[in-house]
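In our numbering, the protein residues as written are 221 to 408. These notes concern the structure reproduced below.
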């Protein structure tokens, strides 16, 4: 196997993405439900676009589809776990004001819900990412060994990432809403 520039670039981009994700798991991030859905949506659209345009060169076998289903299930489970283990804390007034000052208005013209919390998943979230990556790499090797070719597609990787982020965002948004309802009930 020869190392070419494309493999090297893929490796560097992959390591940079892992470092970025680990950093984001460890730092407090503003919980903005309106914004949290954008990333998964973009990943899914780009992933499907790459799969559709690349499908001329890659044929999906039953094994490819089965491996994709397993990967998506694991990504959804890991994302839901990340949402479930996330820690919340109230934003300081200064940080909330700074965030609101730089926030883009709603495209539909509606009012955006105020941001009140920030969250992080800490080392447990990082560990979940590494488990998900290890499973993905293992499935990729298994798929290659068994003759599946589509698993290495960038589109598949983006689709799996989108599934993970959708599950995380859904659980985070649900937990945040439950917390707000509890606070409102206690305030009565």
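Beta carbons are placed, not taken as given, at the ideal position from N, Cα and C, and that holds for glycine.
- For residue 270, same chain residues with a beta-carbon under 8 Å away, outside a window of 5 residues either side, are 373, 374, 375 and 378 in chain order.
- DSSP places residue 251 in the coil class of the three-state scheme, outside both helix and strand.
- The closest CA to that of residue 337, considering only 346, 317 and 350, is found on 317.
- The stretch 291 to 310 makes contact with the stretch 339 to 357; the number of CB pairs closer than 8 Å reaches 3 or more.
- Residue pairing for residue 309: DSSP places it in a beta bridge opposite 338.
- Counting along the chain, the unbroken alpha helix (DSSP H) around residue 274 starts and ends at 258 to 274.
- Note on geometry: alpha-carbon atoms of residue 260 and residue 404 lie some 30 Å from one another.
- Only residues of its own chain outside the window of five on either side were considered, and among them 260, 263, 264 and 267 have a CB closer than 7 Å to the CB of residue 382, listed in chain order.
- Under the 10 Å beta carbon count, residue 402 is surrounded by fewer than 16 other beta carbons and is classified as exposed.
- Residue 246 and residue 339 have their C-alpha atoms spaced approximately 9 Å apart.
- In the DSSP assignment, residue 324 falls outside any alpha helix (DSSP H), carrying neither H nor E.
- About 7 Å separates the beta carbons of residue 248 and residue 309, which is inside the 8 Å limit, making them a contact pair.
- Collapsing the DSSP output to three states places residue 368 in coil.
- Excluding its 5 nearest sequence neighbours in each direction, residue 307 has C-beta neighbours in its own chain below 8 Å: 339, 340, 341 and 342, listed in chain order.
- For residue 393, the enclosing alpha helix (DSSP H) covers residues 374 to 407.
- For residue 281, the three-state secondary structure derived from DSSP is coil.
- Exposure of residue 400 is indicated by the presence of fewer than 16 other C-beta atoms within 10 angstroms of its C-beta.
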